[in-house]
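A short write-up of the structure that comes next.
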Ligand code: SAH
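Residue numbers (the working numbering): 1 to 274.
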């Protein structure tokens, strides 16, 4: 991807009110709407961020969508993970280039895309999804945004029933009952590997944390991410009235080998350690 738009690119045309019109540039194609007409051929080769004029004399910015924007404009069936959470997931699950990663379920593929970009072409992403329609749509969404050739394998399988992989670096679960997967994660992750679960309700988090406490997945941690946008308009500078107040909780844990034993240091006596 370089600075210049070309055929095949997804492009957003954005008006002064920040309304967006999503198109895919095709040779000879045209964009029609109440704001006027723009020929795709006039967009091909121009620098991203340029202003184009419609047949009705209105100006629009031509810009490729960011991943966060694509997540909200792509076709989705299942609830997607919001960009505010995707960013924290990549950091808290410590996703790095070349990592061997497992994901379930795939849903619409929002997390899948964030993971693929972070692991890059040298990583691998194995994903389980129960529903074929979701798996197909996720593949389409990934390819529409990232293009073909990414190291992604989606299998139509129930993650609760077991995972055919070992030595995984990272596992990410966005499904309702991740505690069923904890015993499989103990076998599939390498030492030091990280499990991250995204869960919408705290009852689910409690059940997960209790399963983790009895497992080799230790150092558990649960957070939520709050993001508040601000209106900045002349002298009127204040938080927006509305915000997305809740999406989900992020819980992480790491695979350890063995137990730490008692929490307090052994007491020293005159005759040595007791
Ligand atoms: N993280 C996704 C959304 C996932 S929605 C995104 O960002 O777009 C949850 C998905 O989990 C659904 O597609 C559902 O079909 C799938 N799912 C539920 N239980 C599952 C299981 N046991 N194994 C595999 N997939 C499962």
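Yeah, the Cβ is synthetic: ideal placement off N, Cα and C, and Gly gets one too.
Boundaries of the alpha helix (DSSP H) in which residue i is found, first to last residue
i	result
residue 73	67 to 73
residue 232	It is not in any alpha helix (DSSP H) - residue 232 instead sits in the beta strand (DSSP E) that spans 230 to 233.
residue 113	110 to 119
residue 135	132 to 146
Under the three-state DSSP convention, the category residue i falls into
i	result
residue 223	strand
residue 166	coil
residue 1	coil
residue 207	helix
residue 48	coil
residue 81	coil
residue 213	helix
residue 255	strand
residue 187	helix
residue 87	helix
residue 245	coil
Contacting residues, own chain, Cβ-Cβ under 8 Å from residue i (five flanking each side not counted)
i	result
residue 191	255, 256, 257
residue 220	209, 212, 213, 251, 252, 253
residue 101	95, 115, 119, 123, 124, 125, 126, 168, 169, 170, 171, 172
Other residues of its chain near residue i: CB distance less than 6 Å, five sequence neighbours each side excluded
i	result
residue 82	247
residue 22	12, 73
residue 224	249
Same chain only: Cβ atoms within 7 Å of residue i, ignoring 5 sequence neighbours per side
i	result
residue 78	107, 108, 134
residue 110	71, 80, 81, 86
First and last residue of the uninterrupted beta strand (DSSP E) at residue i
i	result
residue 239	236 to 239
residue 93	Careful: residue 93 lies outside any beta strand (DSSP E) and carries neither H nor E.
residue 43	Residue 43 -> not in any beta strand (DSSP E); alpha helix (DSSP H) instead, spanning 40 to 43.
residue 103	100 to 104
residue 160	Residue 160 -> no beta strand (DSSP E), and no H or E assigned at all.
Contact the stretch 57 to 64 vs the stretch 7 to 18: 3+ CB pairs below 8 Å: yes
Segment contact, 8 Å Cβ cut-off, at least three pairs: the stretch 149 to 161 with the stretch 112 to 129: yes
Start-end ranges of the beta strand (DSSP E) lying completely within the stretch 8 to 33, minimum 3 residues: 10 to 14, 20 to 24, 30 to 33
Inter-stretch contact at 8 Å, needing at least 3 Cβ pairs: the stretch 160 to 169 / the stretch 203 to 218: no
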